[in-house]
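A short worksheet on the structure shown next.
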């Protein structure tokens, strides 16, 4: 059964809504072009006439066969028009994309050129000024100036060096260089009861003692206030026991002793050489292995390069020299009295005797942190 399809004689008809949207009319929706191009697909009915709707536009009444959803076949001119429209669309997109890329590339290359013409010369000048000051003589002079005298943290000499650095920074042109005071718990050696290591015989008699200070190198005989050898924040005590060598006191070193060599470090004093890991981790590993003490030393294999003289004639470590440092395990938390918090006026909340807990560093630090958090909560504004 055929259906009626209205085709305009001058314009395109796309009846997307309304009563013309019938199944039979869908064959007319795809027609492109003027009605003359598709007139051959329709037959004017007998007695049919043009229906004038308004001046300049007439409609032809045509009867189309229902195609059961088959798309209509375009005429030669309609297909060419459709292909030409797609071609124009792709050409427009290509022109827009080419314009965008051209503008982007122009902006990309123009910006560095402007910067290079205005600031490259200034930056190069500043760079060479900095490089020219990095001389071996200057580095050696600064190093000798800041290390020729003992300057343990918290001492008067350390404050003098801080003021010297402040003065130099201002001289270099920095806008601001300030000294800020912090209340930090520090560990110092006991000058009246010096640290030492002794060897005793089977009768308990000391047959060897280490010296209180190292022999001074050439040129340092008159230097005073030399800090005696010690490791800061180490526990107090006088352990006595057999010695066991544990290499670098790493975890794998203790595993090898216990699992492969069947050597138990519990109740023993272990001796380990510096290097490979942080000295505080060496102490921690020894504690976990059950040791009651640890002796750390600098092995020539790690601190003495062949063919180089010892200090002060060279940069090798003298055979009688002893390293200083700390063995506190706080993972970078700072002041042991205020771990993780600025040490500003809070250390007075705790007595120094509390730091006896630092023999077990991780446990002591956790307890101190909890105490400070509780105190901080109670002192907050608006809290009772």
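Residue numbers (the UniProt record's numbering): 1 to 384. All C-beta atoms in this analysis are idealised placements derived from N, C-alpha and C, irrespective of residue type, glycine included.
Based on the DSSP output, what are the partners of residue i in its beta bridges?
i	result
residue 232	326
residue 310	316
residue 273	297
residue 209	198
residue 243	269
Please report how far the alpha carbon of residue i lies from the alpha carbon of residue j, in whole angstroms.
i	j	result
residue 329	residue 167	34 angstroms
residue 128	residue 122	10 angstroms
residue 103	residue 97	10 angstroms
residue 260	residue 290	17 angstroms
residue 172	residue 181	23 angstroms
residue 147	residue 135	18 angstroms
residue 159	residue 273	33 angstroms
residue 131	residue 223	35 angstroms
residue 285	residue 344	33 angstroms
residue 307	residue 292	39 angstroms
residue 175	residue 323	37 angstroms
residue 277	residue 256	17 angstroms
residue 124	residue 133	15 angstroms
residue 126	residue 170	18 angstroms
residue 85	residue 100	23 angstroms
residue 95	residue 87	12 angstroms
residue 107	residue 165	46 angstroms
residue 309	residue 145	22 angstroms
residue 262	residue 215	40 angstroms
residue 105	residue 90	22 angstroms
residue 191	residue 275	28 angstroms
When burial is assigned at 16 or more other CB atoms within 10 Å of the CB, is residue i buried or exposed?
i	result
residue 336	buried
residue 253	buried
residue 342	exposed
residue 142	exposed
residue 92	exposed
residue 282	buried
residue 140	exposed
residue 320	exposed
residue 266	exposed
residue 205	exposed
residue 339	buried
residue 185	buried
residue 294	buried
Give me, in chain order, the residues of the same chain whose beta-carbon lies closer than 6 angstroms to that of residue i; leave out the 5 immediate sequence neighbours on both sides.
i	result
residue 178	none
residue 242	268
residue 210	196, 197
residue 333	339, 340
For residue i, which residues from the same chain have a beta carbon less than 7 angstroms from its beta carbon, with the 5 sequence-adjacent residues on both sides left out?
i	result
residue 226	150, 213
residue 279	231, 296, 325, 327
residue 304	316, 317
residue 138	none
residue 208	198, 199
residue 264	258
Starting from the Cα of residue i, find the closest Cα among the options and give me that residue.
i	options	result
residue 314	217, 281, 231, 245	217
residue 299	293, 245, 203, 146	245
residue 183	165, 154, 207, 293	154
residue 239	199, 275, 323, 333	199
residue 187	229, 257, 204	229
residue 234	189, 249, 334	189
residue 249	87, 271, 94	271
residue 247	301, 221, 236, 194	301
residue 236	311, 193, 201	193
residue 312	87, 95, 105, 219	219
residue 251	310, 288, 294, 263	288
Near residue i, which residues of its chain fall below 8 angstroms by C-beta distance, leaving aside the five closest residues on each side in sequence?
i	result
residue 157	149, 150, 151, 225
residue 162	179
residue 202	none
residue 331	none
Between residue i and chain D, is the shortest Cβ-Cβ distance under 8 angstroms, so that the two count as touching?
i	result
residue 252	Annotation note: the requested chain D is absent from the structure, which comprises a single protein chain.
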